[in-house]
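Protein chains: 2
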Amino acid sequence: MNNKVSEEQKSVIANRVNNLPESFIREILKVTTRPDIISFAGGLPNPKLFPVELLQTVTNKVFVEEGREGLQYTVSEGFQPLRHKISERYSDKGLHVKPENILITNGSQQGLDLTCKLLLNPGDGVLVCNPTFIGALQSFSIYEPSYSSVAIYPDGPDVEQIASVLREKEIKLFYCVPNFQNPTGATFSEEKRLQITRLIHETETIILEDDPYGEIKFTSAKIPSFKQLLPEQTILLGSFSKIVAPGLRTGWLAAPDHLIRKLVILKQAADTHNNHLVQRILFRFLTECDVEGHIARICEVYKFQRDLMMDCIKEHFPKEVKVFSPDGGMFLWAELPEHIDAYAVFEEAIKEKVAFVPGKTFYPNLDVNNTFRLNFSNSNEDKIRKGIESLGIAIKKFL
Amino acid sequence: MNNKVSEEQKSVIANRVNNLPESFIREILKVTTRPDIISFAGGLPNPKLFPVELLQTVTNKVFVEEGREGLQYTVSEGFQPLRHKISERYSDKGLHVKPENILITNGSQQGLDLTCKLLLNPGDGVLVCNPTFIGALQSFSIYEPSYSSVAIYPDGPDVEQIASVLREKEIKLFYCVPNFQNPTGATFSEEKRLQITRLIHETETIILEDDPYGEIKFTSAKIPSFKQLLPEQTILLGSFSKIVAPGLRTGWLAAPDHLIRKLVILKQAADTHNNHLVQRILFRFLTECDVEGHIARICEVYKFQRDLMMDCIKEHFPKEVKVFSPDGGMFLWAELPEHIDAYAVFEEAIKEKVAFVPGKTFYPNLDVNNTFRLNFSNSNEDKIRKGIESLGIAIKKFL
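Read top to bottom, the protein sequences are chains X and H.
My numbering applies: residue 822 is where the first sequence begins, and numbers increase by one.
My numbering applies: residue 822 is where the second sequence begins, and numbers increase by one.
In structure tokens form, the structure reads like this:
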């Protein structure tokens, strides 16, 4: 009987979905919502830093002054003044993208989906770092690409490996998170960016530069983006999720002239346009509030939490565990001695009432079992102290 | 040089997008935004009926009482109380859909995209009415289906034609708007729904029942939905765009057990989840405000506008033009004598400062040139009187 249903399903469902893996992270996150568990597992920004009162104030203005407009349909490209504002903020940082090349999306996740829809035929080559952001793999897999992957180190991917892949295979898309990568926290060095730019420039490859964390930084280092270095071959994704609030589901993509028009049509077919009211709310927030001060405050708090977590790790983790401390973003990346399985540690950790994400899930095509990710943005001082101490106890059982 | 760019584009862009037609309606709507033009072209609800003050009140409550939760990430399925509320409202109307089978989407447009993503391999059979909703064709075309079509009359599609298509070809998806169809205003009769149900039940076909207008009705007639008649083979799409406001981009789909889980994964890969804050705002609006009274008011105003437009048409249109008056929704459908081209009339109409949408754009695979659509929801009394008189003048030039 069960078999019959399963066969029936197969005939109805499209090939692209039939073999889609469910996200293991979802299963992990279910365990970690238990109130007795201290969770470093999720990838959530700290809700204490959401600008609730400021957003409420500008929202009331939108309702009073432009409520009927904001509740009506609008254009698929997005609210024009918001696109201008995004362009202007980029200019202030030395990146020149015209508002016409910006499309408002439901977070950068939709930018991933639209880009794949635009570019990928089944079997097309997609190059990713190993490990990489799991949500991107989920989006890509629907378009049935052929993955290639390269190792990533604290200063970025293995450039020799990239060169070798590009020599051997046609790569349609190189996906990367160059700033404070999820999950490793790695930031591509300027040298590596320049080397990669030279390699990609020789090809037809499009760089999909995913930058949700770029503004959450703990140093004043300024490294050029791929969009600056190779504008015609880069689609840059941005998001308000980490600098304002993820619940608003508003991000954007910046694409070259020859791609943006078709991306707008795909956006129209996907969901007509982004929430119009919220686009106007965000525009007012960016225009009327001290956004840069707000972002500086987020950076200050996250930096404090990163430092604290690293201090606690030094105190409680066995010295055999290597932990990378990033210059921004929301994650630490840990490497256990090779013989220790992070899943086994996870199970012990749950007994000690603390959770993290085993690294295995972030590798598209490697069987790496001794790494894990720790989120430091969404825990207060007490939880960081207590959670890392408990995690140290769990790890020590394996040494 | 241009040729080179164009070839380069071709090699980069996926097949599914290369031949995607741009929406002609976009071009039409551009003309019709001129302030001197009375436009019956768009498909906009009347912004005067948007519940701005009520929404502002519940929004403030959300910010004060649950602001931090509403600004955080949430589950891909959608805000649980909102899914319950949608299920409850269906129950009140005699349709039983469990909250677990409801997925919140960015308007019903996203329901179209996710359904196609779930079901369609390139070349799969899709059956539509001729004419049909253009936004659906745009979504479908990305998945490269093979279209079949059947004629539609004021009481629904030609059932004999449906039977014949189903005999000859495997149809993965039958797409329809059974209530006050866009563009024709047609409502499928109960008899035709039962006949179609019997036909589809013999097949593996999924009915994609798109119902954005179902609650905007001018009679008390109760006709069962396909979701009631054939629940296991129907995906039902609903939307708050016409009963609350389209700018909020919130709709839902209701799918059977064997499909809903994969649709949730596709939603997650597409954009993580719908705007969380807005889901809480809509839940409060549905729970704390007199929604049924609000919808009754919309129906009353739209009925008045439909009646007025029909009266003006009787007065000003030549009797050779047949106009169908629907029992709900937002559109009238007109048929000119066969020798008159609605595009030519459109050009004359623009000179008379009035606009509509020529019907041709709504036919997926027929060359019908003598029909057009009129929107009655988004014009006040003066505009309806003046616009229809001017349109009568334009049409008379062809007789």
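For each residue, glycine too, the CB sits at the ideal point set by N, CA and C.
Open item on the list: Once the 5 residues before and after T1040 of chain H are set aside, which same chain residues still bring their CB inside 8 Å of it?
Closed with: Answer for T1040 of chain H: D1148, G1149, listed in chain order.
Task: Contact under 8 Å by Cβ, A1075 of chain H with N867 of chain H - done: no
Open item on the list: Spatial neighbours of K1140 of chain H within its chain, please: C-beta separation below 7 Å, excluding the five flanking residues on both sides.
Closed with: none
Task: Runs of beta strand (DSSP E) lying entirely within the segment 1059-1103 of chain X, each at least 3 residues, in chain order - done: 1072-1075
Open item on the list: To the nearest angstrom, how far is the alpha carbon of T1108 of chain X from that of K906 of chain X?
Closed with: 8 Å
Open item on the list: The beta strand (DSSP E) that contains F1145 of chain H, what's its start and end?
Closed with: 1143-1145
Task: Reduced DSSP secondary structure (H/G/I, E/B, other) of G977 of chain H - done: DSSP places G977 of chain H in strand when its eight states are reduced to three.
TODO: State buried or exposed for A1117 of chain H, treating a residue as buried only when at least 16 other CB atoms are found within 10 Å of its CB.
DONE: exposed
Task: Own chain, CB closer than 8 Å to L1050 of chain H, minus 5 neighbours either side, in chain order - done: R1014, L1015, T1018
Task: Interfacial residues, the segment 1087-1117 of chain H to chain X, with Cβ spacing under 8 Å - done: Taking 8 Å as the Cβ-Cβ cut-off against chain X, the residues of the segment 1087-1117 of chain H that qualify are L1087, Q1089, A1090, A1091, D1092, T1093, H1094, N1095, N1096, H1097, L1098, V1099.
TODO: Could you confirm whether any beta carbon from chain X is found closer than 8 Å to the beta carbon of Y1164 of chain H?
DONE: Y1164 of chain H does not count as touching chain X.
- [ ] Mark K914 of chain X as exposed unless 16 or more other C-beta atoms lie within 10 angstroms of its C-beta, in which case mark it buried.
- [x] Looking at its Cβ environment, which holds fewer than 16 other Cβ atoms inside 10 Å, K914 of chain X is exposed.
- [ ] Along the alpha helix (DSSP H) that carries D1128 of chain H, what are the first and last residues, could you check?
- [x] 1112-1137
Open item on the list: Counting C-beta neighbours from all protein chains within 10 Å, is the total for H1094 of chain X 16 or more, i.e. buried, or is it exposed?
Closed with: buried
Task: F884 of chain X at chain H interface by Cβ criterion, 8 Å - done: F884 of chain X counts as touching chain H.
Task: Under 7 Å from the C-beta of N942 of chain X: neighbouring residues of chain H - done: A835, N836
Task: Cα-Cα separation, E886 of chain X to E874 of chain H - done: 12 Å
Open item on the list: Quick check: N881 of chain H and Q1100 of chain X, are their CB atoms within less than 8 Å of each other?
Closed with: no
Open item on the list: If you follow the alpha helix (DSSP H) that N836 of chain H is in, where does it begin and where does it stop?
Closed with: 836-839
Task: Buried or exposed (CB count within 10 angstroms, at least 16 for buried), N1186 of chain X - done: exposed
- [ ] Give the DSSP bridge partners of S970 of chain X, in chain order.
- [x] X:V949
TODO: Return the chain-ordered list of same chain residues with a C-beta closer than 7 Å to the C-beta of F1061 of chain H, the five sequence neighbours on each side being excluded.
DONE: Excluding sequence positions up to five before and after F1061 of chain H, its CB lies within less than 7 Å of the CB of L1069, T1071, G1072, L1103, all in the same chain and listed in chain order.
- [ ] May I ask you to report which of helix, strand or coil DSSP gives P866 of chain H?
- [x] coil
Task: Cβ-based neighbour list, P978 of chain H, same chain, cut-off 8 Å, excluding 5 preceding and 5 following - done: C950, V971, A972, C997, F1009, K1013, I1017
Task: Helix, strand or coil at I992 of chain H according to DSSP, with G and I counted as helix - done: strand
TODO: Buried or exposed for T1005 of chain X, please, with buried defined as at least 16 other CB atoms from any protein chain shown within 10 angstroms of its CB.
DONE: buried
Open item on the list: Taking the alpha-carbon of Q1126 of chain H as reference, which of H:D1203, H:D857, H:R1082 has the nearest alpha-carbon?
Closed with: H:D1203
Open item on the list: Would you say Q1126 of chain H lies against chain X (beta-carbon separation less than 8 Å)?
Closed with: no
Open item on the list: Is it the case that the segment 847-861 of chain H contacts the segment 1188-1207 of chain X, given that we only count it when at least three CB pairs across the two stretches are under 8 Å?
Closed with: Counting Cβ pairs under 8 Å, fewer than three are found: no touch.
Open item on the list: Give me the chain H residues within the contact set of K938 of chain X, using Cβ-Cβ distance strictly less than 8 Å, ordered along the chain.
Closed with: A835, R837, V838, I963
- [ ] Show which residues of chain H have a CB atom less than 7 Å away from the CB atom of Y894 of chain X.
- [x] For Y894 of chain X, the C-beta contacts it makes with chain H under 7 Å involve L865, P1067, G1068, in order along the chain.
- [ ] Can you say whether A1155 of chain X is buried or exposed, counting buried as having 16 or more other CB atoms within 10 angstroms of its CB?
- [x] buried
Open item on the list: Please determine whether the Cβ atom of P1045 of chain H lies at a distance below 7 Å from any heavy atom of the ligand MN.
Closed with: Within the structure as shown, the ligand MN is missing, as the structure has no ligands at all.
TODO: For the segment 899-928 of chain X, enumerate the residues whose C-beta is nearer than 8 Å to any C-beta of chain H, in chain order.
DONE: T926, N927, G928
Task: F1047 of chain H beta carbon less than 8 Å from that of I1064 of chain H - done: The Cβ atoms of I1064 of chain H and F1047 of chain H do not sit closer than 8 Å to each other.
Task: For K1038 of chain H, the residue or residues it bridges with in DSSP - done: K1038 of chain H pairs with H:G1149.
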